[in-house]
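Participant: Sharing a structure below in structure tokens format, with a few things to ask.
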Amino acid sequence: VQLQASGGGLVQAGGSLSLSCVASGSSGSMNTMGWYRQAPGRQRELVASISSAGITNFADAVKGRFTISRGDAKNTVYLRMNSLKPEDTAVYYCNARYRLLNYWGKGTQVTVSS
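To get the numbering used here, take the position in the sequence shown, counting from 1, and add 711.
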């Protein structure tokens, strides 16, 4: 399974960005998909996840500002980030769980300037 993420970039505080991630190389749909982030000097942390049934989970720091959704084919996940803050600056990683294994995409940088 390969995960290809896109989106990210530089935005001013209060702005919005979207990330997308497509999983390929599997014969079925991904189970849970989500996004993690890692800021310099910090551990990687969960941002948001969504199960194949559409159940979502968000980190407290992003609740009410970020939304996560799946594509119709279930192997695509989107993260919409609104009201971005400088503390949201990090490398964002797509994650997918498939047949009890975890897969990671290459990170994409999100930088929020104050």
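Ideal Cβ positions, reconstructed from N, Cα and C, are used throughout, including at glycine.
(1) How should G816 be labelled, buried or exposed, when 16 other C-beta atoms within 10 angstroms of its C-beta is the threshold for buried?
(2) Give me, in chain order, the residues of the same chain whose beta-carbon lies closer than 6 Å to that of V733; leave out the 5 immediate sequence neighbours on both sides.
(3) Taking G745 as the reference, which of G775, S824 and I779 has the closest Cα?
(4) Quick one: what's A801 bridged to in DSSP?
(5) Quick one: what does DSSP say V788 is sitting in, helix, strand or coil?
(6) Is the beta carbon of M741 less than 8 Å from the beta carbon of Y789?
(7) N813 lies in the beta strand (DSSP E); which residues open and close that run?
(8) Per DSSP, Q715 is paired with what?
(9) Taking the alpha carbon of I766 as the point to measure from, which residue in S794, G725, T743 and Y804 has its own alpha carbon closest?
(10) Are the CB atoms of L721 and S794 nearer to each other than 8 Å?
(11) Once DSSP output is grouped into helix, strand and coil, what is the label at A750?
Facilitator: Concretely, from the data shown:
(1) The count along the sequence shown starts at 1 and reaches residue 816 at position 105. By the neighbour-count rule (16 or more Cβ atoms within 10 Å), G816 is buried.
(2) For the purposes of this step, residue 733 is taken as residue 22 along the sequence shown, with counting starting at 1. Taking V733 as the centre and dropping the five residues before and after it, the same chain places the C-beta of Q715 and T787 closer than 6 Å to its C-beta, in chain order.
(3) For the purposes of this step, residue 745 is taken as the residue at position 34 of the sequence shown. Answer by Cα proximity: I779.
(4) As a working mapping, residue 801 is identified with position 90 in the sequence shown. Answer by DSSP bridge pairing, in chain order: V821.
(5) Numbered from 1 along the sequence shown, position 77 holds the residue referred to as residue 788. V788: strand per DSSP, three-state reduction.
(6) One-based indexing of the sequence shown puts residue 741 at position 30. One-based indexing of the sequence shown puts residue 789 at position 78. Contact: no.
(7) For the purposes of this step, residue 813 is identified with residue 102 of the sequence shown, where counting begins at 1. Note, N813: beta strand (DSSP E), L812 to W815.
(8) The residue labelled residue 715 in the question sits at position 4 within the sequence shown. V733, per the DSSP bridge assignment.
(9) One-based indexing of the sequence shown puts residue 766 at position 55. Looking from the CA of I766, the closest CA among S794, G725, T743 and Y804 belongs to T743.
(10) The sequence position of residue 721 within the sequence shown is 10, counting from 1. The sequence position of residue 794 within the sequence shown is 83, counting from 1. Cβ distance not < 8 Å, so L721 and S794 don't count as in contact.
(11) Residue numbering aside, residue 750 sits at position 39 when the sequence shown is read from its first letter. Note: A750 maps to coil in three-state DSSP.
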